[in-house]
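Have a look at the structure below, then the notes.
2 protein chains.
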Amino acid sequence: MLSDRRAHLKSLAAGIGALAASWAVPAPSSGAKGPLDNADSAPRFKIEEIPLKQVVVDDKFWSPRLEVNRTKTLDHVYGELEASGCIRNFDLAARKATGRFGGPWWADSDVYKWIEGASYVLGSHPDAALERKVDDLIARIAAAQQPDGYLNTHVLIEEPDLRFRNLAFFHEDFSSGHLFEAAVAHYEATGKRGLLDVATRLADCFDATFGPGKRAGLSGHEGIELAWVRLYRATGEKRYLRLAEFYLNQRGQKPSLFEREYESLPRDRTVLWREGRPVNLRALHEHFFLARPPAFDTSYCQDNLPVREQSSAVGHAVRAMFLYCGVADVADETGDPALLAALHRLHDSVTLRRMYVTGGIGPSAKNEGFTDDYDLPNENAYQETCASAGMVLWNHRMFKLTGDGSYIDLLEQSLYNAVLAGVSLEGNTFCYATPLACDTEFKRQPWFEVPCCPTTASRFLPSLGRYVYSQSADGLWVNLYVGGELSVTLPNGAKVKVRQRTDYPWDGHVRLQVEVDQAQEFTLHVRIPGWAQASALRLNGAKLSPPVSKGYAHIHARWSRGDGVELSIPLETVKLEANPKVLQSRGKVALRRGPLIYCLEQPDNKADLDRIALPSAGGRLAEHFEAGLLGGVVIIEGEGRVRHLDGWETALYRPVRPTDGAPAAIKAIPYCVWGNRGQQKMKVWIDSVAS
Amino acid sequence: MLSDRRAHLKSLAAGIGALAASWAVPAPSSGAKGPLDNADSAPRFKIEEIPLKQVVVDDKFWSPRLEVNRTKTLDHVYGELEASGCIRNFDLAARKATGRFGGPWWADSDVYKWIEGASYVLGSHPDAALERKVDDLIARIAAAQQPDGYLNTHVLIEEPDLRFRNLAFFHEDFSSGHLFEAAVAHYEATGKRGLLDVATRLADCFDATFGPGKRAGLSGHEGIELAWVRLYRATGEKRYLRLAEFYLNQRGQKPSLFEREYESLPRDRTVLWREGRPVNLRALHEHFFLARPPAFDTSYCQDNLPVREQSSAVGHAVRAMFLYCGVADVADETGDPALLAALHRLHDSVTLRRMYVTGGIGPSAKNEGFTDDYDLPNENAYQETCASAGMVLWNHRMFKLTGDGSYIDLLEQSLYNAVLAGVSLEGNTFCYATPLACDTEFKRQPWFEVPCCPTTASRFLPSLGRYVYSQSADGLWVNLYVGGELSVTLPNGAKVKVRQRTDYPWDGHVRLQVEVDQAQEFTLHVRIPGWAQASALRLNGAKLSPPVSKGYAHIHARWSRGDGVELSIPLETVKLEANPKVLQSRGKVALRRGPLIYCLEQPDNKADLDRIALPSAGGRLAEHFEAGLLGGVVIIEGEGRVRHLDGWETALYRPVRPTDGAPAAIKAIPYCVWGNRGQQKMKVWIDSVAS
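Protein sequence lines correspond, in order, to chains G and R. Residues in the first sequence are numbered consecutively from 27, following the numbering used here. Residues in the second sequence are numbered consecutively from 27, following the numbering used here.
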């Protein structure tokens with residue numbers, strides 16, 4: 027008779043066999059061709075991303091934030107990754123140390139994200155000490171990789187028999203995707219192949235396991251899809267692009283792959299969850315997918331429908347962003363019209379019905395994600411920083427697919443508001459959830475049990491340059507007004523530089539200076555924001571009226587050294603109202619100036635924020651730069667009212683009372699610098715009263 | 027070896043044994059005394075209900091509705107009960123017919139509710155044909171009763187081995203409670219003991235099964251608790267009062283009684299659910315109590331906490347109302363201060379944070395009940411008619427416990443708005459869910475698969491007289507302004523009549539005429555509504571300023587034949603606003619005149635209702651009686667605006683635009699007569715604009 031332990035192992039092995047069988051995917055018949063088979067004939071890279079190293083950021087708004095990220099945040103995040111055991115996990119997996127796994131199951135992803143951010147920094151700021159730190163870390167990672175290429179420290183240390191068995195929640199694919207991204211970033215920044223070799227060995231381990239004719243693969247937390255495409259673009263290895271499309275195509279089956287996976291998991295297995303709490307292995311499937319048993323609902327991770335049939339943004343917001351980016355990347359490579367159509371439907375779903383005025387998404391803490399159309403609570407807005415960064419990534423891809431500046435408007439909205447609010451000015455505390463209104467209980471934290479948002483900040487900020495310019499066959503695109511310099515090579519081999527000088531977003535004047543050795547003919551596509559009431563262009567001082575379409579002025583010219591373009595966008599404070607279906611912001615206004623959404627924070631206002639109201643129309647509003655405030659910001663001042671709110675504790679309904687109250691000065695600051703003066707009341711949407 | 031079937035029965039029997047053991051309740055030790063042991067010393071019936079037969083309703087507002095109920099609704103409901111098999115169930119259970127059970131599992135309760143309503147009608151309108159119909163039905167019910175007193179046709183016909191095994195959902199207790207109520211009503215109206223004897227035999231069957239030292243008992247759908255007290259009051263049998271308190275005391279245990287019950291239910295048993303659909307016996311427990319397995323959450327039926335610890339109204343709204351009524355009745359008998367304190371907390375929870383302006387409750391269809399504080403959607407307001415009637419029952423009890431007229435204000439609010447809107451003017455269609463705003467898809471239905479609301483209407487309306495007056499040691503209480511006559515006997519044996527004449531709620535003048543044989547000294551307590559801006563009293567034409575407290579003018583006098591009191595309450599149209607925390611009604615106003623809440627219905631308004639707005643303050647409003655409209659109602663007319671709502675399809679946020687739009691006449695009708703002109707758009711809360 028077998029001992030219990032041996033019986034357990036035997037049943038596990040049998041389970042794995044059954045699993046492999048249930049997940050087997052038939053190889054495609056030779057006659058059937060997917061969109062990928064036409065990849066070479068599809069239009070590719072109409073608008074191309076410019077390598078990050080070719081863009082220098084140098085202005086008063088962004089440079090201080092990037093410098094804080096480089097000099098403070100990177101070290102802070104590394105220290106926390108060490109302290110929480112996330113880095114030591116690699117030594118444990120390499121059997122060079124002993125102990126228990128540290129951090130969340132997908133802790134590897136955060137280490138990879140740190141490397142990605144550090145690589146971007148190395149690309150623009152050579153730094154021997156940082157380079158050594160990265161190299162050492164890469165060596166420790168490489169040592170943990172298994173002979174067959176497999177690499178996931180949580181599974182290797184704690185649950186070696188469950189490799190690729192809990193795709194829904196172990197996140198081997200999500201973490202691997204971040205390794206692919208870090209590896210490409212590191213290679214591009216330093217030219218070193220060490221991490222890229224680790225990544226391709228791991229990619230090949232996936233490729234040996236998943237794919238047509240092999241096992242079905244699906245990521246419970248998307249992220250590997252876009253990473254497959256990035257790795258393909260860096261290596262030219264088409265198997266990776268095929269896997270990206272394969273992962274997309276597995277989504278939305280009935281029954282879900284995750285339901286089949288759940289059924290195959292041992293019933294009485296206990297695993298260690300966060301902070302070492304023991305949980306049943308099947309508990310997370312039940313929690314997220316079985317809210318109404320016996321119905322299995324995997325919309326939490328966008329597995330509710332095949333991607334080409336999706337129309338509504340559902341579930342976990344960060345997962346959704348990674349998925350949509352992966353869809354966009356595959357569509358960009360294959361031209362698959364069904365993927366493009368789904369992207370447009372999903373984009374409407376998010377931006378017309380499910381997005382905060384700050385460009386953030388995902389109102390609910392319950393699923394860290396989407397709820398219903400027009401449900402956008404301010405007080406408990408979840409608006410995860412990673413999801414806000416995801417909006418930048420997704421809109422950047424939508425722009426590249428379409429050449430439409432309205433996507434850059436949205437990218438800018440998320441970037442200057444929701445994303446930037448996620449990091450303190452000091453660079454060592456972060457928002458995970460990022461409310462649009464809060465009482466004094468809320469504050470940024472130095473670290474989280476799930477530390478994705480700090481590592482997102484550390485990898486996202488130094489990648490800013492990626493979004494500023496683009497290139498196409500006919501010329502250059504100026505997407506964002508960020509001071510600095512662009513260096514590119516034209517299709518004819520000529521070198522061009524574009525210098526940008528601006529005090530944006532405080533001021534709407536942008537000066538672009540073109541540097542060429544010899545005169546060159548090309549189009550300079552200069553973005554005109556959709557929100558701009560008016561704008562003016564000058565070429566070498568002379569008024570210019572070039573054709574404007576899809577949010578860009580297209581200036582075709584034969585450019586000579588020193589040619590200068592000036593763009594002027596008047597920045598005025600505008601009172602915004604939300605669609606009346608957004609109940610939580612009904613009867614309220616928000617202040618926007620240029621790309622910046624403003625908020626009231628208690629230290630700048632005498633009256634309790636809950637009692638302040640603004641006239642919905644009219645009313646004097648003035649702006650000025652306060653050099654000494656929050657690193658220097660343009661503030662908005664005006665006259666509001668202090669309302670009487672007494673008596674509502676004992677009344678649910680009462681006769682209408684006048685709400686105008688006494689006049690009171692109000693002062694608003696940019697939302698992106700909120701929360702840097704201790705725990706203070708804050709609100710974006712301000713109650714409005716009749717003028 | 028046992029056959030499968032025999033093995034099944036054996037395991038069932040074992041289960042029942044285990045069940046009985048797990049549910050056994052230790053007998054109280056002789057030293058421990060519950061509050062009930064002090065019942066005789068507690069203050070009782072400070073304010074007493076006046077037997078229904080002593081109150082005649084005779085006015086222009088109510089009499090037509092009661093007459094429609096008597097001549098149409100009663101027949102309509104009986105016909106539907108017959109057609110749906112609910113009545114024939116008793117013949118099946120008596121083995122006088124064959125076939126399958128008809129209606130929902132608790133169909134008996136609807137038959138009993140019809141008898142209760144018919145009995146009230148018989149009390150005021152002797153009718154030989156109706157009396158024969160009732161007597162025949164009672165004979166069929168009596169024939170179905172088992173020798174041990176047990177009576178539940180669903181269990182007897184379909185699941186005889188599951189008697190008292192599915193307390194959460196078979197509702198044997200809920201249905202029996204309605205039998206107790208009907209039996210008392212029938213006995214009081216006719217003096218016949220037939221149904222009362224059935225009721226006491228059934229009550230004794232419960233008493234033999236449940237109670238201290240016997241099995242634990244708890245109603246999955248409350249209703250038996252208040253019925254125990256009513257049966258106790260009618261029979262003087264104290265065991266019934268003890269059982270009422272016992273049922274309350276079983277609530278809120280950890281683990282819940284329903285969890286223990288669930289564990290004891292056979293796993294693979296299929297039973298027939300509504301419309302004969304087979305379901306697993308355990309499915310309803312899982313659906314309602316296991317939304318987040320493995321946590322067992324029984325807040326759906328207010329089993330989340332011991333009743334004395336409850337503070338927040340949760341779960342199914344009708345269940346909650348029945349529970350709170352039962353708590354109030356037991357508290358009235360025992361004076362238990364912990365029950366009284368819980369009632370006050372729960373009342374605040376409902377009326378300060380979870381009640382519609384119509385006095386209805388329970389916003390969500392999902393649980394037919396409460397959600398969160400201040401969550402009161404208008405479009406999909408569930409506001410079940412049974413729950414609205416429950417608000418009348420509960421506030422009546424709260425008034426009797428306290429003598430506080432604010433509870434009658436709330437009773438009146440629910441009665442004249444949410445309850446009355448539940449029945450059409452024709453009396454043959456009903457609301458189950460009763461929205462506060464609807465498009466053209468909504469209409470009243472003649473019947474429902476779960477027909478509780480039609481039977482609630484048929485039993486509630488003829489009981490109206492119960493709420494108009496009360497009596498205390500020192501005199502009489504005039505609670506509602508309903509024309510008709512009251513006949514009472516004073517403590518000294520003297521007979522008094524009070525005649526009330528009024529056109530309320532159209533007009534605020536009320537004339538009360540006292541009829542006595544000899545002059546009598548007592549206090550006439552006349553309610554002054556909390557919403558009245560002003561009021562004036564006259565005694566025999568002379569101005570009177572009696573002391574006013576807790577919503578009543580206390581007129582102490584030596585009353586002679588023909589003494590007349592006149593009350594004048596100016597009825598003005600008032601614009602109400604909701605607490606700003608009620609997001610769904612933010613920036614909107616509702617119109618109230620006297621006790622009536624008004625609404626806009628499309629036939630009275632040219633502009634689409636969605637575009638109509640009212641100035642939040644100022645703006646002319648006029649009222650007049652339209653004899654030809656909806657049976658004769660006072661309508662409200664005024665000047666509103668027609669707003670432009672274009673462009674929001676493609677915008678989630680935009681700069682504030684003026685919303686005043688063109689002037690437009692608006693016309694509002696009482697909410698209680700809404701929905702009598704086909705399927706029309708309607709809304710209670712009207713968007714407001716600056717004056």
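A virtual CB, placed ideally from N, CA and C, is assigned to each residue, including glycine. Predicted model only: the values in this text are computed from it and were never measured.
Checklist entry - Relative to the alpha-carbon of E184(G), which residue among T296(G), A154(G) and E287(G) has its alpha-carbon at the smallest distance? => result If we check each option's Cα against that of E184(G), T296(G) comes out closest.
Item to check | Complete runs of the beta strand (DSSP E) confined to the segment 96–156 of chain G [at least 3 residues] | outcome: Segments of the beta strand (DSSP E) lying fully in the segment 96–156 of chain G: there are none.
Item to check | Given I554(G) as reference, the closest of E335(G), A234(G) and G429(G) once Cα atoms are compared | outcome: Answer by Cα proximity: G429(G).
Item to check | Minimum C-alpha distance to V160(R) - residue among W674(R), K139(R) and C698(R) | outcome: Residue K139(R) is the option with its Cα nearest to V160(R).
Next on the checklist: Taking only three categories from DSSP, how would you classify D66(G)?
Outcome noted: Low confidence applies here, because D66(G) scores a pLDDT of 40, under 50, leaving its location unreliable and the question unanswered by this model.
Item to check | E675(G) in three-state terms, based on DSSP | outcome: Three-state result, E675(G): helix.
Checklist entry - Closer than 8 Å, CB to CB, is K601(G) near chain R or not? => result So, interface residue.
Checklist entry - Excluding five sequence neighbours on each side, which residues of the same chain lie with their C-beta closer than 8 Å to the C-beta of P304(G)? => result T296, V297 and L298.
Next on the checklist: At the level of alpha carbons, what is the spacing between P186(G) and L487(G)?
Outcome noted: Rounded to whole angstroms, the separation of the alpha carbons of L487(G) and P186(G) is 36 Å.
Checklist entry - Looking only at C-alpha atoms, which of P332(G), T397(G), Q171(G) and A309(G) sits nearest to A368(G)? => result The alpha carbon of A368(G) has as its nearest neighbour, out of P332(G), T397(G), Q171(G) and A309(G), the alpha carbon of P332(G).
Next on the checklist: For S337(G), count the other beta carbons within 10 Å of its own beta carbon; 16 or more makes it buried, fewer makes it exposed. Which is it?
Outcome noted: By the neighbour-count rule (16 or more Cβ atoms within 10 Å), S337(G) is not buried but exposed.
Next on the checklist: Just list the residues that DSSP pairs F548(R) with in beta bridges.
Outcome noted: Beta-bridge annotation (DSSP): F548(R) is paired with A583(R).
Checklist entry - Which partner residues of P696(G) appear in the DSSP bridge assignment? => result The beta-bridge partner set that DSSP reports for P696(G) consists of Y624(G).
Checklist entry - So, is K280(R) buried or exposed, given that buried needs 16 or more other C-beta atoms within 10 angstroms? => result Label assigned to K280(R): exposed.
Checklist entry - Counting only beta-carbon atoms, is G613(G) nearer than 8 Å to chain R? => result For G613(G), the nearest beta carbon of chain R is closer than 8 Å to its own beta carbon.
Checklist entry - When burial is assigned at 16 or more other CB atoms within 10 Å of the CB, is S575(R) buried or exposed? => result Sixteen is the threshold: since fewer than 16 other Cβ atoms of the shown chains lie within 10 Å of the Cβ of S575(R), the residue is exposed.
Next on the checklist: Any beta carbon from chain G within less than 8 Å of N605(R)'s own beta carbon?
Outcome noted: Nearest CB-CB separation between N605(R) and chain G: below the 8 Å threshold.
Checklist entry - How about T377(G): is its C-beta nearer than 8 Å to some C-beta of chain R? => result With 8 Å as the cut-off, T377(G) counts as an interface residue toward chain R.
Checklist entry - Between the Cα of K614(R) and the Cα atoms of Q409(R), P641(R) and E598(R), which residue gives the shortest distance? => result It is P641(R).
Checklist entry - Can you tell which of G567(R), L512(R), Q172(R) and L602(R) has its C-alpha closest to the C-alpha of E541(R)? => result Taking only the C-alpha atoms, the option nearest E541(R) is L512(R).
Checklist entry - For L502(R), which beta-bridge partners are listed by DSSP? => result Beta-bridge annotation (DSSP): L502(R) is paired with Q497(R) and L550(R).
Checklist entry - Should the segment 416–427 of chain G be regarded as contacting the segment 460–475 of chain G, the criterion being three or more beta carbon pairs within less than 8 Å? => result They do not touch, by the three-pair rule.
Checklist entry - Given a threshold of 16 other Cβ atoms within 10 Å of its Cβ, counted over all protein chains shown, does Q559(R) qualify as buried or as exposed? => result Exposed: under 16 other Cβ atoms inside 10 Å.
Checklist entry - Would W420(R) be called buried (16 or more neighbouring beta carbons within 10 Å of its own) or exposed? => result Of the other Cβ atoms in all chains shown, 16 or more fall within 10 Å of the Cβ of W420(R); this residue is therefore buried.
Next on the checklist: Starting from V600(R), trace the beta strand (DSSP E) in both directions and tell me its first and last residue.
Outcome noted: That run of the beta strand (DSSP E) goes T599 to A604.
Checklist entry - Short check: CB of A643(G) to CB of V682(R), under 8 Å? => result A contact, by the Cβ cut-off of 8 Å.
Checklist entry - When burial is assigned at 16 or more other CB atoms within 10 Å of the CB, is F651(R) buried or exposed? => result The C-beta of F651(R) has fewer than 16 other C-beta atoms within 10 Å across all chains shown, which makes the residue exposed.
Checklist entry - Count the other CB atoms within 10 Å of the CB of K601(G); is the residue buried (16 or more) or exposed (fewer)? => result The residue is buried, with at least 16 neighbouring Cβ atoms inside 10 Å.
Checklist entry - Thinking C-alpha only, which one of G262(R), P238(R) and G278(R) is nearest L269(R)? => result Residue nearest to L269(R) within the set G262(R), P238(R) and G278(R) is P238(R) (criterion: CA-CA distance).
Checklist entry - With 16 other CB atoms within 10 Å as the buried threshold, where does H370(R) fall? => result Classification of H370(R): exposed, given that the 10 Å Cβ count is below 16.
Checklist entry - DSSP three-state call for S37(R): helix, strand or coil? => result The pLDDT assigned to S37(R) is 37, lower than 50, so where the model puts this residue is not dependable, and the model offers no usable value.
Checklist entry - In whole angstroms, what separates the C-alpha of E108(R) from that of R114(R)? => result Straight-line spacing of the CA atoms in E108(R) and R114(R) works out to 7 Å.
Next on the checklist: What does DSSP give as the partner residue(s) for I638(R) in the beta ladder?
Outcome noted: Under the DSSP definition of a beta bridge, I638(R) partners with V668(R).
Next on the checklist: Please identify, using Cβ separations under 9 Å, the residues of the segment 670–699 of chain R that lie next to chain G, in order along the chain.
Outcome noted: Within the segment 670–699 of chain R, the qualifying residues are L671, W674, E675, T676, A677, L678, Y679, R680, P681, V682, R683, P684 and T685.
Checklist entry - Between the segment 359–392 of chain R and chain G, which residues of the former have a C-beta closer than 8 Å to a C-beta of the latter? => result Along the segment 359–392 of chain R, going in chain order, the ones with a CB nearer than 8 Å to a CB of chain G are T377, L378, R379, M381 and V383.
Checklist entry - Does the Cβ of G105(G) have 16 or more other Cβ atoms within 10 Å, making it buried, or fewer, making it exposed? => result Counting other Cβ atoms within 10 Å of its Cβ, G105(G) stays below 16 and is therefore classed as exposed.
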